[in-house]
Each structure stands twice: as C-alpha cells, then as structure tokens.
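Chemist:
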C-alpha cells in the first residue's frame with residue numbers, strides 16, 4: 004500500500020483538492036462477520052483495480068503528449084488519472100471502515116501494462132489503451148457498479164459506489180471522444196493504420212464479450228451485499 008497522508012502541508016493540500024467533498028465514515032457497521040470479511044476483500048481488490056488505471060492512464064497521457072494530441076484531450080486524460088487516484092483513495096477508506104488491510108495482499112507495484120510489442124507505434128499503443136481500457140472496460144463496469152450501488156444499503160458504501168459510477172459514466176464517454184481522434188481526418192488519424200482500426204475493432208468485441216462473461220460468473224450472491232460487495236445475475240440483468 005502507499006501512504007495516504009503527508010507531513011508536507013503543500014502536498015497535503017493537493018490531496019485535499021483532489022479528494023473534494025469527503026464521504027462521512029459510518030459510525031458503526033452492524034453486519035455479520037462473514038459480510039464484513041467478504042466486503043473487506045472485495046474493496047481491497049477495488050483499490051488495486053483503481054490504482055492500475057492510474058498507471059495505465061499515466062502511460063496514455065505520455066503517449067498522447069508525444070503525439071501532440073489536442074489540449075482538451077490531454078486535459079481529459081489528466082482528469083481521468085486524478086479520478087482513478089481518488090477512487091483508489093475512496094476504496095482504501097472503505098477497507099479501513101471494515102477493519103483495514105491486515106492480512107490482505109494489497110500490492111500496488113508493477114501494475115502498468117506490459118511493454119510495447121516490437122514495432123508497435125505510439126499511435127497504435129495509445130489507441131489500444133483507449134479502446135480496451137476506456138471504451139470497453141470503463142463502459143462495461145457501469146452496469147456492475149450500478150448493480151452494486153443499488154444493492155448496497157449502508158449509506159457510506161453506497162455513496163462511494165455512487166461516486167465511482169458517476170465518474171465511470173464520464174470516463175466511458177471520454178473514451179469514445181478520445182477514440183474519435185483516430186478517425187479519418189481527425190487529429191491523430193495519421194498515427195494508426197487501417198489494419199490497426201480493423202484489429203482493434205476485433206479486440207474490443209472480444210474484450211467486451213469476455214468481460215461480460217467474467218461479470219456474469221462473479222455475480223453469485225452471498226455475503227457482503229449490503230456493503231456493495233455482492234450481487235446476483237438478476238441485479239445485473241433485471
């Protein structure tokens with residue numbers, strides 16, 4: 004885990020600015036032990052997932068900057084990074100409410116994507132990150148987050164999920180807008196080929212189908228529902 008606080012007042016101010024309005028911690032969480040433990044593990048996994056996005060979108064920002072992408076596009080990705088970092092912080096708070104990370108493996112190192120393939124252009128790499136991580140992954144997560152939010156009855160956890168959901172909707176829309184930069188005649192069209200477009204369309208379709216199957220298989224119900232950690236297939240597909 005990374006440190007969540009700083010003794011440096013200037014750095015702490017940046018963190019406060021990014022956190023925005025804090026979510027009030029629950030005074031007490033009156034749930035069975037099994038619910039608490041399942042939720043603690045689930046929220047810990049979410050820390051890693053959100054922090055991985057920080058690393059991935061950080062690479063995307065560098066790629067787009069080197070490709071001289073339009074200023075608004077760079078601003079959008081910079082905001083995505085901040086949002087994902089804030090999400091990781093919120094998920095860490097949720098774990099703290101449930102007892103902390105003791106005995107949990109929350110490893111935030113080495114979460115970046117594998118190195119570029121030999122001969123892979125910067126444009127192709129950027130377009131693939133946008134396609135897979137934003138257009139598909141962020142978009143597909145919307146249904147799951149909405150189901151988890153609706154299932155959660157503990158206000159603090161429901162509020163965190165509502166925040167994540169709101170941002171994911173915006174991220175998915177941003178992904179669509181960023182991907183259009185590679186369309187014919189658009190700002191970054193020169194940076195990828197027709198073959199790249201065709202390959203990425205196939206990759207996106209495969210990713211989307213795989214993610215839906217993963218989410219469907221994971222929606223088994225069980226402990227942790229009131230804390231936003233357990234849903235059923237009926238929640239996903241009412």
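Numbering (my numbering), first residue to last: 4 to 241. Quick reminder that beta carbons are idealized off the backbone N, C-alpha and C, glycines included.
(1) Identify, in the order they occur along the chain, each residue of the same chain with its Cβ nearer than 7 Å to the Cβ of residue 151, setting aside the five sequence neighbours on each side.
(2) In the DSSP output, what is residue 235 paired with across the bridge?
(3) Drop a sphere of 10 angstroms on the beta-carbon of residue 144, count the other beta-carbons inside from all chains shown, and report buried for 16 or more, exposed for fewer.
(4) Quick check: residue 195 and residue 140, are their CB atoms within less than 8 Å of each other?
(5) For the alpha helix (DSSP H) that residue 38 lies in, which residues bound it at each end?
(6) Give the C-beta separation of residue 125 and residue 63 to the nearest angstrom, bearing in mind that I take them to be a contact with Cβ-Cβ under 8 Å.
(7) Determine whether the beta carbon atoms of residue 175 and residue 142 lie at a separation below 8 Å.
(8) Less than 8 Å between the C-beta atoms of residue 128 and residue 135, yes or no?
(9) May I have the straight-line CA-CA distance separating residue 122 from residue 60, to the nearest angstrom?
(10) Quick check: the Cα distance between residue 44 and residue 217, rounded to an integer number of angstroms?
(11) Taking 8 Å as the limit between beta carbons, can you name the residues of its chain near residue 189, skipping five residues before and five after?
(12) Quick check: the segment 68 to 82 against the segment 9 to 21, are there 3 or more CB pairs under 8 Å?
(13) If you follow the alpha helix (DSSP H) that residue 122 is part of, which residue opens it and which one closes it?
Modeler: Taking the coordinates as given:
(1) Residue mapping note: residue 151 aligns to position 148 of the chain shown, counting from 1. 164, 231, 234.
(2) What you label residue 235 is simply residue 232 of the chain shown in a count that begins at 1. Answer is 223.
(3) For this step, residue 144 is matched to residue 141 along the chain shown. Buried, because 16 or more other Cβ atoms sit within 10 Å of the Cβ of residue 144.
(4) Counting from 1 along the chain shown, the entry for residue 195 is found at position 192. Counting from 1 along the chain shown, the entry for residue 140 is found at position 137. No, they are not a contact pair.
(5) Here residue 38 refers to the residue found at position 35 when the chain shown is read from its first residue. Unbroken alpha helix (DSSP H) run through residue 38: 36 to 69.
(6) Within the chain shown, the letter at position 122 stands for residue 125. Within the chain shown, the letter at position 60 stands for residue 63. At roughly 11 Å, the Cβ-Cβ gap does not stay under 8 Å, so residue 125 and residue 63 are not in contact.
(7) Counting from one through the chain shown, the residue named residue 175 turns up at place 172. Counting from one through the chain shown, the residue named residue 142 turns up at place 139. Yes, the pair counts as a contact, with Cβ atoms nearer than the cut-off.
(8) Along the chain shown, read from residue 1 onward, the residue named residue 128 stands at position 125. Along the chain shown, read from residue 1 onward, the residue named residue 135 stands at position 132. In this structure, residue 135 does not lie closer than 8 Å to residue 128 by Cβ.
(9) Taking the first residue of the chain shown as 1, we reach residue 122 at position 119. Taking the first residue of the chain shown as 1, we reach residue 60 at position 57. When rounded, the distance between both Cα atoms is 21 Å.
(10) By 1-based counting over the chain shown, the position of residue 44 is 41. By 1-based counting over the chain shown, the position of residue 217 is 214. Those two C-alpha atoms are separated by around 18 Å.
(11) Against the chain shown, residue 189 aligns to sequence position 186. If we look at residue 189 and ignore the five residues flanking it on each side, its Cβ neighbours are 183.
(12) no
(13) Translated into the one-based positions of the chain shown, residue 122 becomes position 119. That residue, residue 122, is in no alpha helix (DSSP H); it is neither H nor E in DSSP.
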